[in-house]
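Asks:
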Amino acid sequence: MTKRPKKPLEDVWTQIGQGLYRKVFSLQNNPDWVVKLELDGPTPHNNMMEFAVWTACEFYDPGKHWLAPCREIYNEGRILVQRKVETPPDDFEWPERVPNWLTDLKKQNFGLLDGRLVSCDYGCDLPLAKGISKRMKKAEWWDERKRVK
Ligand SMILES: Nc1ncnc2c1ncn2[C@@H]1O[C@H](COP(=O)(O)OP(=O)(O)OP(=O)(O)O)[C@@H](O)[C@H]1O
Ligand SMILES: [Mg+2]
13 MTKRPKKPLE DVWTQIGQGL YRKVFSLQNN PDWVVKLELD GPTPHNNMME FAVWTACEFY
73 DPGKHWLAPC REIYNEGRIL VQRKVETPPD DFEWPERVPN WLTDLKKQNF GLLDGRLVSC
133 DYGCDLPLAK GISKRMKKAE WWDERKRVK
């Protein structure tokens, strides 16, 4: 019998993020994509919803430019493959206006993809319920790191 290595996946993926609902891993052999693993959190189906929102937006210009593209979903939504985004630099100028269907404007939910700001956490049903319109709103950005506890 072959012995299993102690940490079998460390050479395949590295954890780069964690939220209330998902753990996020970057892939060692493909730096363009991340895997988002749904946890048993207070609300299920975040991966499923994110994939559904992407599917509704991917051919729609103003919509798709604000979202990190999703590629595949497996295991009833437990595993989502999404484009990897980069953390904006400290001196990044956050836009004053964003589409009105973007919900949680926590800075940690956004990143840069080819130099463009996109959301990487949009797994809620509001965009679909509200409709992906062209309307913009004033952005109320907030920073998780600066939250008073
Ligand atoms: N596509 C991505 N590329 C790079 N990093 C990502 C990506 N998606 C998520 N992350 C990182 O992982 C963290 C957690 O992911 P995400 O916000 O999607 O999980 P969540 O459980 O829905 O979070 P929350 O607690 O904010 O609701 C993000 O704050 C971000 O730092
Ligand atoms: Mg988040």
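As numbered in our numbering, residues 13 to 161 make up the sequence shown, in order. Using N, Cα and C, we set each Cβ at its ideal position, and we do this for glycine too. Fair warning: this is a prediction, and the values are worked out from it, not measured in the lab.
What residue range is occupied by the uninterrupted beta strand (DSSP E) comprising L114?
Replies: Note, L114: premise wrong, no beta strand (DSSP E); not H, not E.
Asks: Please report how far the alpha carbon of I144 lies from the alpha carbon of L49, in whole angstroms.
Replies: 26 angstroms
Asks: When you compare each of K158, M148, G29 to G75 by their alpha carbons, which one comes out closest?
Replies: Nearest option by C-alpha distance: M148.
Asks: Please go through the same chain and pick out, in chain order, the residues whose beta-carbon is closer than 7 angstroms to the beta-carbon of F63, but skip the five residues on each side of it.
Replies: C82, I85, L92
Asks: Out of curiosity, what's the CA-to-CA distance linking P100 and V24?
Replies: 25 angstroms
Asks: Write down every uninterrupted run of the beta strand (DSSP E) in the segment 68-103 whose length is 3 residues or greater and which is fully enclosed by it, in chain order.
Replies: 82-86, 91-95
Asks: Less than 7 angstroms separating the Cβ of I85 from some heavy atom of ligand 1?
Replies: Every heavy atom of ligand 1 is 7 angstroms or more from the Cβ of I85, so no.
Asks: Just verifying my parser: in three-state terms, what is the DSSP assignment at L51?
Replies: Reduced to three states, the DSSP call for L51 is coil.
Asks: Excluding the five sequence neighbours on either side, which residues of its own chain have a C-beta within less than 7 angstroms of the C-beta of V97, listed in chain order?
Replies: Cβ within range, chain order: A80, G123, L124, L125, V130, C132.
Asks: Out of P139, N87, R34, which one is the CA nearest neighbour of W78?
Replies: P139
Asks: Thinking T26 and F37 are a contact (beta carbons under 8 angstroms), I'd like their distance in whole angstroms, please.
Replies: 6 angstroms
Asks: Expressed to the nearest angstrom, what Euclidean distance is found between the alpha-carbon atoms of G31 and P111?
Replies: Rounded to the nearest angstrom, the gap between the Cα atoms of G31 and P111 is 23 angstroms.
Asks: Below 8 angstroms CB to CB, which residues in the same chain sit around E108 once its five sequence neighbours on both sides are set aside?
Replies: K150, A151
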